[in-house]
Structure formats: C-alpha cells, structure tokens
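Student: Okay, here's the structure, questions in a sec.
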Amino acid sequence: MQPADLERELDHVHTAAFGWALACCAGDRAEAEDVLQTSYLKILDGRARFDGRSAFRTWLFGVVRHTAAETRRRHRIGRWLPLGWLGAAARDGGPDPAAALARSEESRVLERALAALPARQRQVLHLVFYQDVSIADAARVLRVSLGTARTHYERGKAALRRTLEGDRA
Amino acid sequence: MNDAADRKLRDRFAALRREDAAAAPAFAALRSTAARQPPRRGRLVPLAGAIAVAVVAIVAAFGLLRSRAPREPLVSLSTTRWQSPTDFLLRVPGAQYLETVPRLTL
Chain E
191 MQPADLEREL DHVHTAAFGW ALACCAGDRA EAEDVLQTSY LKILDGRARF
241 DGRSAFRTWL FGVVRHTAAE TRRRHRIGRW LPLGWLGAAA RDGGPDPAAA
291 LARSEESRVL ERALAALPAR QRQVLHLVFY QDVSIADAAR VLRVSLGTAR
341 THYERGKAAL RRTLEGDRA
Chain U
327 MNDAADRKLR DRFAALRRED AAAAPAFAAL RSTAARQPPR RGRLVPLAGA
377 IAVAVVAIVA AFGLLRSRAP REPLVSLSTT RWQSPTDFLL RVPGAQYLET
427 VPRLTL
C-alpha cells in the first residue's frame, strides 16, 4: 500500500481507532493518544506492514492493541527504574477526570461496569458492540481462537448485564 | 441474553461511541506529532549497550578479584586429625603388654 493510501485509510478509521485505543488504555485519554500516535508512526515508517490478510481496520486494531501492551510494559518498568529520558515514566493510569465529567450518566455507568470486567472480556465486548466487529474478527484482533473469543464474549456480556442491573437496582 | 437486551447494550455502546468521537483528537494533529517523534528503537539501543557493557565490566571485575585472591585450602591438613570410626576394633584387651618388650628376670 502506498503511503498516501495508508494515510487516507488511517484518516478514515481514525475515530474508531481512537475508541479502541481508549478501550485498550482503560479510558486514559492521554495514554490512548500516545498509543495511537505511536501506532501511526509504526505504520507510516514501515515497522508495521499491512499484508492484506484481514480487513485494514482489523489489522490496525491489532497494531493498536500491541502498542498499548508495549506502553503498559514500559510504564511498569518505569515504576521500578528511573528511565524518564526513555519516555518510560510511570503514569497513574485510569480515566481522565475531565473526560469523565463530559460523559453522560449512562455512559459513565457503562464505563464503570466495563472497567470491572477482565481485560479480555472488556475488549471483546468493545469490539463487538462498540466497533460492530464480528466475534471472528475480534478473535483475530486479540490473537485468540474463535472459541476463546466466544467464551469471553458470553461471560463478559453476562457479567456486564449483572453489573448494569445491579447499578439500576 | 435475548435480542432485546443485546440491542439495548448496543445502543448504550453507540452513545459511548458518539461521545468518544466528539472528543477524539484530529487525525492530522496526531499524524504531524508522530512525524516529529524520533524513532523509539533508536533510544533503546544506547540503553541496551550501556547495560551490556556494565554486565561485562562487573563479570570481568569479579573474575579478576577471584583470580588475585590467595587460595586457601578448604581443609588445613596440618591441624586436622582424622580418626576412623572403626578404630576401636583394633583396641584389643592387653594391648599395652604388646607395646613394650617384656623384661624377664631369670
């Protein structure tokens, strides 16, 4: 794919990618922007190459997930070693308070319920319900088998429903 | 979960998506900041090199110190007296008579 085509594709899926980066960074907006920026850099300088084996969006989500995991690892190291000059400074993480205030009450309740789920369940539910991705594509993004993705989906959905009903009661 | 519950969940996620989309940074802004960033790999190479040099230096210093230190034998033979656990079997009654030459007065 030519650089100009890549940029056009990235621009096209940018909003969805930002939503996915937020989900991978547990709602931390600053970290999500960092992760998305690093992902774009990897793609545009050729460190991550799209080989056309899946849809562009599915592939991009995989890159973002991988980059978010790398960033988390770096922050964990940053807590133990003074590597601020490497950009590995520890962050407190968590949702940005200003962004949380701008949310509607319904969305805040949903975010809280999602935050209580294990990461894999949260990510599968995000991909299926937020991004309208099929469970098979969600499995590809998360690099798990279809059966595992289905299990995370069913368990996550049941747990999310229980939490939301508990909040309502 | 039934379809109605799924639809409700989908609607809630759609509302979340609309709010995120409204607050998302512009693609061009992220793109231009990304273009200005130095490659991260380039910053990790000096660190990996420094760690490797430090490890080699520590190992070499440790080896040098060990080779220069005078080697003490683990057991000093001059101060050790070994005794067999079966020595008592050699002690027979009347052994003191066998250690001296008997003096005969004829």
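So the protein sequences, as listed, match chains E and U.
Residues 191 to 359 in my numbering are what the first sequence spells out, letter by letter.
Residues 327 to 432 in my numbering are what the second sequence spells out, letter by letter.
Backbone N, C-alpha and C fix where the C-beta goes; we use that ideal spot for every residue, glycine too.
1. List, in chain order, every chain U residue whose beta-carbon is nearer than 7 Å to that of Y320(E).
2. Give me the Cα-Cα distance between Q227(E) and E260(E), rounded to the nearest whole angstrom.
3. How far does the alpha helix (DSSP H) with T310(E) in it extend, from its first residue to its last?
4. Quick check on P372(U): does DSSP put it in helix, strand or coil?
5. Just to confirm my understanding: we take M191(E), look at its own chain, exclude 5 residues before and 5 after, and list those with CB closer than 7 Å. What are they?
6. I'd like to know if S244(E) contacts chain U, where contact means its C-beta is closer than 8 Å to some C-beta of that chain.
7. Tell me where the alpha helix (DSSP H) around F319(E) begins and ends.
8. Taking 8 Å as the threshold (beta carbon to beta carbon), is L335(U) in contact with chain E?
9. Where does L432(U) sit, in a helix, a strand or coil, going by DSSP?
10. Using a Cβ-Cβ distance cut-off of 8 Å, determine whether R357(U) contacts chain E.
11. Give the secondary structure of T248(E) by DSSP, where H, G and I count as helix, E and B as strand, and everything else as coil.
12. Would you check if the segment 299 to 316 of chain E and the segment 326 to 346 of chain E touch, i.e. whether three or more CB-CB distances between them fall below 8 Å?
13. What does A347(U) touch in chain E if you count any residue whose Cβ is under 7 Å from its own?
14. Rounded to a whole number of angstroms, what is the C-alpha to C-alpha distance between R243(E) and V318(E)?
15. With a cut-off of 8 Å on the beta carbons, I'd call Y154(E) and R343(U) a contact; round off their distance for me.
16. Output the distance between the C-alpha atoms of L356(U) and L200(E), rounded to the nearest integer angstrom.
17. Could you work out which residues of chain U lie near F240(E), taking near to mean beta carbons separated by less than 7 Å?
Tutor: With the structure as the only source:
1. As a first step, residue 320(E) is located in the first sequence; it is residue number 130 there, counting from the start. What Y320(E) touches in chain U: F339, L342 and R343.
2. For this step, residue 227(E) is matched to residue 37 along the first sequence. For this step, residue 260(E) is matched to residue 70 along the first sequence. Their Cα atoms are separated by approximately 13 Å.
3. Here residue 310(E) is taken as the residue at index 120 of the first sequence, counted from 1. In the sequence as presented, Thr is not what sits at residue 310(E); that position holds Arg. R310(E) -> alpha helix (DSSP H) spans A309 to L315.
4. Mapped onto the second sequence, residue 372(U) falls at position 46. Of the three classes helix, strand and coil, the one that applies to P372(U) here is helix, per DSSP.
5. Reading the first sequence from its first residue, position 1 is the one you call residue 191(E). For M191(E), where only same-chain residues beyond five positions count, the Cβ hits under 7 Å are F240.
6. Working through the first sequence from its first residue, we reach residue 244(E) at position 54. Using a CB distance cut-off of 8 Å, S244(E) does not count as an interface residue toward chain U.
7. Sequence index remark: in the first sequence, residue 319(E) carries index 129 (1-based). No alpha helix (DSSP H) holds F319(E); DSSP gives it neither H nor E.
8. The count along the second sequence starts at 1 and reaches residue 335(U) at position 9. So yes, L335(U) belongs to the interface.
9. Taking the first residue of the second sequence as position 1, residue 432(U) is located at position 106. DSSP places L432(U) in the coil class of the three-state scheme, outside both helix and strand.
10. Along the second sequence, read from residue 1 onward, the residue named residue 357(U) stands at position 31. R357(U) counts as touching chain E.
11. The residue given as residue 248(E) occupies position 58 in the first sequence. When DSSP states are grouped into helix, strand and coil, T248(E) belongs to the helix group.
12. Put simply, the segment 326 to 346 of chain E touches the segment 299 to 316 of chain E. At least three CB pairs are less than 8 Å apart.
13. For the purposes of this step, residue 347(U) is taken as residue 21 along the second sequence, with counting starting at 1. The answer, in chain order, is T205.
14. Residue numbering aside, residue 243(E) sits at position 53 when the first sequence is read from its first letter. Residue numbering aside, residue 318(E) sits at position 128 when the first sequence is read from its first letter. Whole-angstrom Cα-Cα distance: 20 Å.
15. Any property of residue 154(E) remains undetermined from this structure, which presents chain E solely from 191 to 359.
16. Here residue 356(U) refers to the residue found at position 30 of the second sequence. Here residue 200(E) refers to the residue found at position 10 of the first sequence. Between L356(U) and L200(E), the C-alpha separation is close to 11 Å.
17. The count along the first sequence starts at 1 and reaches residue 240(E) at position 50. By Cβ distance, chain U contributes nothing, its closest Cβ being about 17 Å from F240(E), past 7 Å.
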